[in-house]
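Be aware that the sequence shown starts at 133, since it is given in the working numbering, and climbs by one per residue.
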Amino acid sequence: MSWICPLKDGFQGGEILEIIVLVKQVLATETAANRIEANFGNCSEDTGTWIINPHDEIAVEEALRIREAHGGNVTVVSFGKEFAVDTVRQALAMGADKGVLILDDLSGDYRDSVFVAQVFSLFLKKMPFSIILAGSRSVDGNSFLAGPALAEMLSVPCLSMVVKQEIRGDIIRCHKRTENGRMIVEAPLPVVITAASGLNSPRYTTVPGIKRAENKTITILSLSDIGMDKDMSACSLSKIVAFNPRDNKRSLKMADGSSPEEKARRLAELLQQEAGVI
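Spelled out as structure tokens, the structure:
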């Protein structure tokens, strides 16, 4: 299936591609649940090990591949506390050209995906872009909303769950994952793309890449620098009301019997009387 969007004023084929990648700093999955619970939605630097969101890492890799194929500039943008600069630096070590950290200098706890999209939209409305890439989801919030919400705020097409892309002139064609297979969609640039697992395998950072990243300047902006006022700072539409670590304890009951038939009969009884599944 192919959907072709009508061309609109904006990017024209032949221009230099300005590629923006949105990255988020998340806690490594091995971080103890009780440490997260203690900090709730406002985790501090010492809560655990922080890494670049794996799906955003895929987006960074795809941005670099687009630049290698078509030229252009790759700018990585993140929103977070001061220590999120390490995540931006990692993307620079992979090969991104420029880095920007929008500093989360607000009090309070949870920033939902709509809030984050609002932050990015305020910044991106003031700069040219051809393609905005982000992970399809973050491994902490798992909302799948930031990319589509940002596209809506910027009034550009959004192609989500992308597993393959190709650019021809000012049109991008993407294969996106659906519940029942894949859908092929086309849209004019500028566009927002959310990367799904399977799009690529992110490259490892090298020692020369890390050294080059140390010499690259990361621009740090406050929320007031991008034009966010006090009314906008309360635009989160959701909040964390409870955090319940997963119970890994499992009970085991054997379907005993002296013969296969008796064991099967006992299993059927357990499934019906205790599990309630038959």
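We treat Cβ as the ideally placed atom computed from N, Cα and C, and that holds for glycine.
* Are L196 and V209 closer than 8 Å when you measure CB to CB? -> In the sequence shown, the residue the question calls residue 196 occupies position 64. In the sequence shown, the residue the question calls residue 209 occupies position 77. Not closer than 8 Å, so no.
* Asked: Can A191 and G273 be called in contact, C-beta distance under 8 Å?
  -> Taking the sequence shown and counting its residues from 1, the one referred to as residue 191 is at position 59. Taking the sequence shown and counting its residues from 1, the one referred to as residue 273 is at position 141. No. Outside cutoff.
* Asked: Alpha carbon to alpha carbon, how far is I352 from L235?
  -> Working through the sequence shown from its first residue, we reach residue 352 at position 220. Working through the sequence shown from its first residue, we reach residue 235 at position 103. The alpha-carbon atoms of I352 and L235 are separated by roughly 7 Å.
* **Assigned secondary structure, V317 (DSSP; H/G/I helix, E/B strand, else coil)** => Looking up residue 317 in the sequence shown gives position 185. Three-state result, V317: strand.
* Within 10 angstroms of its Cβ, does A170 collect 16 or more other Cβ (buried), or is it exposed? -> Walking along the sequence shown from the start, residue 170 turns up at place 38. Residue confidence is low: A170 scores 48 on pLDDT, short of 50, so the model does not pin down where it sits. No coordinate-derived value is stated.
* To do: Take D357 as the anchor and find which of H187, R300 and L233 has the nearest alpha-carbon.
  => Working through the sequence shown from its first residue, we reach residue 357 at position 225. Taking only the C-alpha atoms, the option nearest D357 is L233.
* Since I263 and I198 are thought to touch, with beta carbons under 8 Å apart, how far apart are those beta carbons, to the nearest angstrom? -> The residue you call residue 263 lines up with position 131 of the sequence shown. The residue you call residue 198 lines up with position 66 of the sequence shown. The Cβ separation is near 7 Å, so the contact holds.
* In angstroms with no decimal places, state the Cα-to-Cα distance between L355 and S329. => The sequence position of residue 355 within the sequence shown is 223, counting from 1. The sequence position of residue 329 within the sequence shown is 197, counting from 1. Distance between the alpha carbons of L355 and S329: 31 Å.
* Asked: Tell me, which residues are paired with E298 by DSSP?
  -> Residue numbering aside, residue 298 sits at position 166 when the sequence shown is read from its first letter. DSSP output for E298 lists R305 as bridge partner(s).
* Rounded straight-line distance, which links the Cα of A160 to that of D388 -> Start at 1 with the first residue of the sequence shown, and residue 388 comes out as number 256. Start at 1 with the first residue of the sequence shown, and residue 160 comes out as number 28. Answer to the nearest angstrom: the Cα atoms are 42 Å apart.
* Asked: Which full runs of the beta strand (DSSP E) of 3+ residues lie inside the segment 340-370, going along the chain?
  -> 350-353
* Asked: What do you get for S292, buried or exposed, if any count of 16 or more other CB atoms within 10 angstroms of its CB means buried?
  -> Residue numbering aside, residue 292 sits at position 160 when the sequence shown is read from its first letter. When all chains shown are included, S292 counts as buried.
* Identified DSSP bridge partners for I198 -> For the purposes of this step, residue 198 is taken as residue 66 along the sequence shown, with counting starting at 1. None; I198 has no bridge partner.
* Let me know the secondary structure DSSP gives G267 once reduced to three states. => Indexing the sequence shown from 1 puts residue 267 at position 135. Three-state DSSP puts G267 in a strand.
* Asked: Which two residues bound the contiguous alpha helix (DSSP H) that contains E394?
  -> Reading the sequence shown from its first residue, position 262 is the one you call residue 394. Per DSSP, E394 belongs to the alpha helix (DSSP H) from P392 to L402.
* To do: Give the straight-line distance between the Cα atoms of H187 and L277, rounded to the nearest whole angstrom.
  => Working through the sequence shown from its first residue, we reach residue 187 at position 55. Working through the sequence shown from its first residue, we reach residue 277 at position 145. The straight-line gap from Cα to Cα measures roughly 14 Å.
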